[in-house]
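A.B. asks: Protein chains in written order, with the working numbering: chain A, 30 to 256; chain B, 30 to 256; chain C, 38 to 257; chain D, 38 to 257.
Following this message is one structure expressed as structure tokens.
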Amino acid sequence: MRPVSASVVEHTDRGPLGRDEMARVLAGDIPRGAYVNLGIGQPTTVADHLPPDAGVILHTENGMLGMGPAATGDAIDPDLINAGKSPVTELPGASYFHHADSFAMMRGGHLDLCVLGAYQVSASGDLANWHTGEPGAIPAVGGAMDLAVGAKRVFVLMSLFTRAGEPKIVRECTYPLTALRCVDRIYTDVATFEITGDDRVVVRETWGISFAELRSRLDVRLERDVH
Amino acid sequence: MRPVSASVVEHTDRGPLGRDEMARVLAGDIPRGAYVNLGIGQPTTVADHLPPDAGVILHTENGMLGMGPAATGDAIDPDLINAGKSPVTELPGASYFHHADSFAMMRGGHLDLCVLGAYQVSASGDLANWHTGEPGAIPAVGGAMDLAVGAKRVFVLMSLFTRAGEPKIVRECTYPLTALRCVDRIYTDVATFEITGDDRVVVRETWGISFAELRSRLDVRLERDVH
Amino acid sequence: MTLLCASADEAVSGIADGSTVLVGGFGTAGMPFELIDALIRQGARNLTVVSNNAGNADTGLAALLAAGQVRKIVCSFPRQTDSWVFDELYRSGKIELEVAPQGTLAERMRAAGAGIGGFYTRTGVGTLLAEGKETREIEGRTYVLELPIAADVALISAHTADTLGNLVYRKTARNFAPVMATAATTTVVQVRHVVEPGELDPEAVVTPGIYVDRIVRVPS
Amino acid sequence: MTLLCASADEAVSGIADGSTVLVGGFGTAGMPFELIDALIRQGARNLTVVSNNAGNADTGLAALLAAGQVRKIVCSFPRQTDSWVFDELYRSGKIELEVAPQGTLAERMRAAGAGIGGFYTRTGVGTLLAEGKETREIEGRTYVLELPIAADVALISAHTADTLGNLVYRKTARNFAPVMATAATTTVVQVRHVVEPGELDPEAVVTPGIYVDRIVRVPS
Numbered sequence: 030m031r032p033v034s035a036s037v038v039e040h041t042d043r044g045p046l047g048r049d050e051m052a053r054v055l056a057g058d059i060p061r062g063a064y065v066n067l068g069i070g071q072p073t074t075v076a077d078h079l080p081p082d083a084g085v086i087l088h089t090e091n092g093m094l095g096m097g098p099a100a101t102g103d104a105i106d107p108d109l110i111n112a113g114k115s116p117v118t119e120l121p122g123a124s125y126f127h128h129a130d131s132f133a134m135m136r137g138g139h140l141d142l143c144v145l146g147a148y149q150v151s152a153s154g155d156l157a158n159w160h161t162g163e164p165g166a167i168p169a170v171g172g173a174m175d176l177a178v179g180a181k182r183v184f185v186l187m188s189l190f191t192r193a194g195e196p197k198i199v200r201e202c203t204y205p206l207t208a209l210r211c212v213d214r215i216y217t218d219v220a221t222f223e224i225t226g227d228d229r230v231v232v233r234e235t236w237g238i239s240f241a242e243l244r245s246r247l248d249v250r251l252e253r254d255v256h
Numbered sequence: 030m031r032p033v034s035a036s037v038v039e040h041t042d043r044g045p046l047g048r049d050e051m052a053r054v055l056a057g058d059i060p061r062g063a064y065v066n067l068g069i070g071q072p073t074t075v076a077d078h079l080p081p082d083a084g085v086i087l088h089t090e091n092g093m094l095g096m097g098p099a100a101t102g103d104a105i106d107p108d109l110i111n112a113g114k115s116p117v118t119e120l121p122g123a124s125y126f127h128h129a130d131s132f133a134m135m136r137g138g139h140l141d142l143c144v145l146g147a148y149q150v151s152a153s154g155d156l157a158n159w160h161t162g163e164p165g166a167i168p169a170v171g172g173a174m175d176l177a178v179g180a181k182r183v184f185v186l187m188s189l190f191t192r193a194g195e196p197k198i199v200r201e202c203t204y205p206l207t208a209l210r211c212v213d214r215i216y217t218d219v220a221t222f223e224i225t226g227d228d229r230v231v232v233r234e235t236w237g238i239s240f241a242e243l244r245s246r247l248d249v250r251l252e253r254d255v256h
Numbered sequence: 038m039t040l041l042c043a044s045a046d047e048a049v050s051g052i053a054d055g056s057t058v059l060v061g062g063f064g065t066a067g068m069p070f071e072l073i074d075a076l077i078r079q080g081a082r083n084l085t086v087v088s089n090n091a092g093n094a095d096t097g098l099a100a101l102l103a104a105g106q107v108r109k110i111v112c113s114f115p116r117q118t119d120s121w122v123f124d125e126l127y128r129s130g131k132i133e134l135e136v137a138p139q140g141t142l143a144e145r146m147r148a149a150g151a152g153i154g155g156f157y158t159r160t161g162v163g164t165l166l167a168e169g170k171e172t173r174e175i176e177g178r179t180y181v182l183e184l185p186i187a188a189d190v191a192l193i194s195a196h197t198a199d200t201l202g203n204l205v206y207r208k209t210a211r212n213f214a215p216v217m218a219t220a221a222t223t224t225v226v227q228v229r230h231v232v233e234p235g236e237l238d239p240e241a242v243v244t245p246g247i248y249v250d251r252i253v254r255v256p257s
Numbered sequence: 038m039t040l041l042c043a044s045a046d047e048a049v050s051g052i053a054d055g056s057t058v059l060v061g062g063f064g065t066a067g068m069p070f071e072l073i074d075a076l077i078r079q080g081a082r083n084l085t086v087v088s089n090n091a092g093n094a095d096t097g098l099a100a101l102l103a104a105g106q107v108r109k110i111v112c113s114f115p116r117q118t119d120s121w122v123f124d125e126l127y128r129s130g131k132i133e134l135e136v137a138p139q140g141t142l143a144e145r146m147r148a149a150g151a152g153i154g155g156f157y158t159r160t161g162v163g164t165l166l167a168e169g170k171e172t173r174e175i176e177g178r179t180y181v182l183e184l185p186i187a188a189d190v191a192l193i194s195a196h197t198a199d200t201l202g203n204l205v206y207r208k209t210a211r212n213f214a215p216v217m218a219t220a221a222t223t224t225v226v227q228v229r230h231v232v233e234p235g236e237l238d239p240e241a242v243v244t245p246g247i248y249v250d251r252i253v254r255v256p257s
């Protein structure tokens, strides 16, 4: 894993990252040979940016290690899907197991990393990504709580601001929580962040925004350096 | 399963059952198609008296269903043993599983029956079969507690009296307990018994001893009839 | 003993009103469609259904919901793009919903099958889904107590059974089925193939026949 | 990532004094003899060993005990006709013994591997082996609380591994190994055969490679 940058790298000569670029930046930080679960939605796209020789082994919570790329055409098999229920493929060295075994694997701390989307992350690493809490919203948690609690490291992949311009990194989450103090890093379109565990948030790299501007827009204790 | 006899059958024209006869009597009460675990020692011999067409499926707690007879000669395989660590064989339709799954099967109440030896059984069905409690004795429980608690029915196979002539069916066990109120039936050399659950012990059949003599020698409430 | 049934209708016969029914499948993979259709014909009502999702489109579990036979559903992920049957019942107050984290759902059924009276898990601690549940510190970490989910019936799908009820599955269609098979009083399985004992590799059997009560072969 | 080791000595390197070591096998079936011999050469002392038995005759686990490297053993069935090494150490007060029901032993390791902080079981209630343990009534039945057994190292034996660490076993030599593989920080496996990824049937893999840290092939 890339060492935490000693000081923030600011790319102010360009705009924010596109979705593909975000996934590529995160993919570049996944250690060789890691066992990884990619959450539903944007996190799934990280798989497209993993070099084939990285030996990263993908877990899908519906009972498989060694998941391959999306299946197309004749390769589509209704018995072989990912957690988002899309058809996928099987790589050499794959294995299948039932749901209790699959979640024992997650909850027992055996996955090196999971990548999840989020509504909000707090400065202490609390994650809110399963429920808007709005009246009438139907709650649906899936495996999010299990992953957030179980994986050795949790990376969040999300845009930093809502469409209304509200930051998603906050002092305290206002959405219902998924898990407490679980997030290690946050990858966004305008910056990447390290959660230190002592309520500081370290900015590692920015795109299209300066550290100073970030600090003015986020209501958390932002640092430019881990020390 | 043979219905509980309405009244005791006394065979006073002959002596006590031999060990083979005891095993045969018990085997005759095992329902067709039952899943059964036979404990180490004398209970293992019950297998020799099960008719091949009874469809009884034997479980061994070291991870197998569908265990066949003892292996001899070239059929001996050090990877295929029973709970007593003797070489056995595999029948068509067998399956292997690991220890946690094997004991989940036992503890979850899926075995129809287990047969265990005993030092003592109380009138309420408490079982003592794992530890003499003597100073210096090395305790060793194996799977006895799991079986006694988990199997749907527990049959005990033992001689009724110790070599010193002490009865093994007692008001309260003096040996350390294996499990509380778990025994359903007791098969001995001189009689078979039903534990009713209300501290009565019903005698079903006797060999070489009369009901009256049994009653005089056992310090529990013996009945000759279930009603 | 495992009973080989002639039809899905025979396989689901006797399911009582008010039963708790485990329904296998993750989305449509492993969903026992033919058994569910038979349960709709059989007509048991007031059911509590435990399944990962709350039905997709208009078939399978969604059809059972639409038939008005389900009082309550316990699942991890009811809301999907094609869960309109459930959504409508839920919004109109016609079905009760209990949401559980997916791993907790699986583990609670495993507990029922394994004789575990309850277990402590970190999943859900500090969230809405642990509200009202007992928590406990163990070795400096907080856990929530979760209780078993035992059921009257499990309806699952497998790839091949032998006549003793040993089952093998196919790829991710395995999902909840092996766990559900252990947690129900009566486990009913629809399979694509039935073979004789000895034809399945004993090392590769996933669900031993001891967990299987009824089998029916359905066209694949 | 799984490391294919050139020797058993390399496979057990780095095991620290005072470690908790899970040792697979039920009697001698599945006993990782070569790894134990290597651990004797490696010399780590003051170990806590968790295994079903306490050694048979003079080889394997019995030899490790005889070498004086084990401070405490946790097992279900120490006393056997050929457990003379253990018996002598125990009677002379040179080894500590914790006896656990066999199913509780397996389930406690499974709990460690599955992130379960503790579980309630009926096994042992009212017996010496539950003394001092918390009990609890759940749905009218009494249960005893059991806690996980996590370990630093697991030494196990399997039949075939692929180079990603996926394992298959053979017959009842499987026993504790798949559970132990999940409960240790470092899982070391001796195997008879090593194959390339893709050569094992993904449906029949018993221990996924995620649980395996080091593999060494030993002559069969």
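Glycine residues also receive a C-beta, built at the ideal position from the N, C-alpha and C atoms.
Note that this is a predicted model, so its numbers are computed, not measured.
1. Look up Trp-121 of chain C in the DSSP assignment and say whether it is helix, strand or coil.
2. CA-CA distance, Gln-79 of chain D and Lys-131 of chain D?
3. Return the chain-ordered list of same chain residues with a C-beta closer than 6 Å to the C-beta of Gly-162 of chain B, the five sequence neighbours on each side being excluded.
4. Judging by CA-CA distance, which residue of D:Leu-166, D:His-230 and D:Gly-150 is the nearest neighbour of Tyr-180 of chain D?
5. For the beta strand (DSSP E) containing Phe-222 of chain B, list its first residue and its last residue.
6. Using a Cβ-Cβ cutoff of 9 Å, what residues of the stretch 234 to 256 of chain D are near chain C? List them in chain order.
7. Following the continuous alpha helix (DSSP H) through Pro-98 of chain B, name the residue where it begins and the one where it ends.
8. Should Pro-215 of chain C be counted as a contact of the ligand SAM given a C-beta to heavy atom distance under 7 Å?
9. In chain order, which continuous runs of the beta strand (DSSP E) of length 3 or greater are located wholly inside the stretch 222 to 249 of chain A?
10. How would you list, in chain order, the residues of chain C whose beta-carbon sits under 9 Å from the beta-carbon of Gly-152 of chain D?
11. Please report how far the alpha carbon of Gly-137 of chain B lies from the alpha carbon of Gly-146 of chain A, in whole angstroms.
12. State yes or no: is the C-beta of Gly-235 of chain C within less than 8 Å of the C-beta of Gly-122 of chain B?
13. When the distance is taken between beta carbons, is Val-190 of chain C closer than 8 Å to Ala-241 of chain C?
14. If we cut at 8 Å on Cβ distances, does Asn-203 of chain C have a partner in chain A?
15. Compare the C-alpha of Leu-243 of chain B against each of B:Leu-209, B:Leu-55 and B:Pro-196 and name the closest.
16. Kindly list, in the order they appear in chain E, the residues whose Cβ is closer than 7 Å to that of Lys-114 of chain A.
17. With Ser-120 of chain D and Ala-137 of chain D assumed to form a contact (beta carbons below 8 Å), what rounded beta-carbon distance in angstroms separates them?
18. For the stretch 95 to 126 of chain A, list every residue whose C-beta sits within 9 Å of some C-beta in chain D, in sequence order.
19. Mind checking Asp-23 of chain D: buried by the 16 CB within 10 Å criterion, or exposed?
20. Please look up how many angstroms separate the CB atoms of Arg-210 of chain A and Gly-172 of chain A, rounded, as I've assumed it's under 8 Å.
21. Could you check what DSSP says for Gly-246 of chain C in three-state terms: helix, strand or coil?
22. Count the other CB atoms within 10 Å of the CB of Glu-144 of chain D; is the residue buried (16 or more) or exposed (fewer)?
23. Helix, strand or coil for Lys-197 of chain B per DSSP?
24. So is Thr-158 of chain D buried or exposed if we call it buried at 16+ other beta carbons inside 10 Å?
25. So Arg-182 of chain A is in the beta strand (DSSP E); what residue range does that whole segment cover?
26. Classify Lys-170 of chain D: buried if its beta carbon has 16 or more other beta carbons within 10 angstroms, exposed otherwise.
27. Determine the extent of the alpha helix (DSSP H) in which Leu-87 of chain B is found, giving its start and end residues.
28. Across the stretch 61 to 79 of chain A and the stretch 35 to 45 of chain B, are there enough close Cβ pairs to call them in contact, namely three or more that are closer than 8 Å?
29. Could you check if Ser-151 of chain A is buried or exposed, using at least 16 other CB atoms within 10 Å of its CB as the buried criterion?
30. Looking only at its chain, what residues have a beta carbon closer than 8 Å to the beta carbon of Asp-213 of chain A, apart from the 5 residues adjacent to it on each side?
31. Please confirm whether Glu-183 of chain D has its beta-carbon closer than 8 Å to some beta-carbon of chain B.
32. Got a sec? Which residues, its chain only, sit under 7 Å from Ala-166 of chain B by beta carbon, not counting five neighbours each side?
33. Counting only beta-carbon separations shorter than 8 Å, does Thr-172 of chain C have a partner in chain B?
34. When the cut-off is 8 Å and only beta carbons count, does Met-187 of chain A lie next to chain C?
35. List, from N- to C-terminal side, the beta strand (DSSP E) runs of 3 residues or more that fit wholly inside the stretch 93 to 141 of chain B.
36. Nearest CA to the CA of Glu-252 of chain B: which residue from B:Asp-228, B:Ile-238 and B:Phe-126?
C.D. replies: Put simply:
1. helix
2. Cα-Cα distance, rounded: 21 Å.
3. Tyr-204 and Pro-205
4. D:Leu-166
5. 220 to 224
6. Asp-238, Pro-239, Glu-240, Ala-241 and Val-243
7. Note, Pro-98 of chain B: premise wrong, no alpha helix (DSSP H); beta strand (DSSP E) at 93 to 99.
8. Judged by which ligands are present, the structure shown has none, so any question about the ligand SAM falls away.
9. 230 to 236
10. Under the 9 Å cutoff, chain C gives Gly-140, Thr-158, Arg-159 and Thr-160.
11. 38 Å
12. Yes, the pair counts as a contact, with Cβ atoms nearer than the cut-off.
13. no
14. no
15. B:Pro-196
16. No chain E is present in this structure, whose protein chains are A, B, C and D.
17. Actually they do not touch by this definition, with Cβ atoms about 17 Å apart.
18. Gly-95, Glu-119, Leu-120, Pro-121, Gly-122, Ala-123, Ser-124, Tyr-125 and Phe-126
19. Chain D is shown from 38 up to 257; residue 23 of chain D falls before or after that span and cannot be answered.
20. No, Arg-210 of chain A and Gly-172 of chain A are not in contact; Cβ-Cβ is about 19 Å, not under 8 Å.
21. In the structure shown, Gly-246 of chain C sits in a helix (DSSP, three-state: H, G or I).
22. buried
23. Secondary structure of Lys-197 of chain B (DSSP, three-state): coil.
24. buried
25. 182 to 186
26. exposed
27. Element bounds for Leu-87 of chain B: not the alpha helix (DSSP H) but the beta strand (DSSP E), 86 to 89.
28. no
29. buried
30. Gly-154, Arg-182, Val-183, Phe-184, Glu-223 and Ile-224
31. Chain B has no Cβ within less than 8 Å of the Cβ of Glu-183 of chain D.
32. Here the set comprises His-160.
33. No, Thr-172 of chain C lies away from the interface with chain B (no Cβ there is under 8 Å from its Cβ).
34. no
35. 93 to 99 and 117 to 125
36. B:Asp-228
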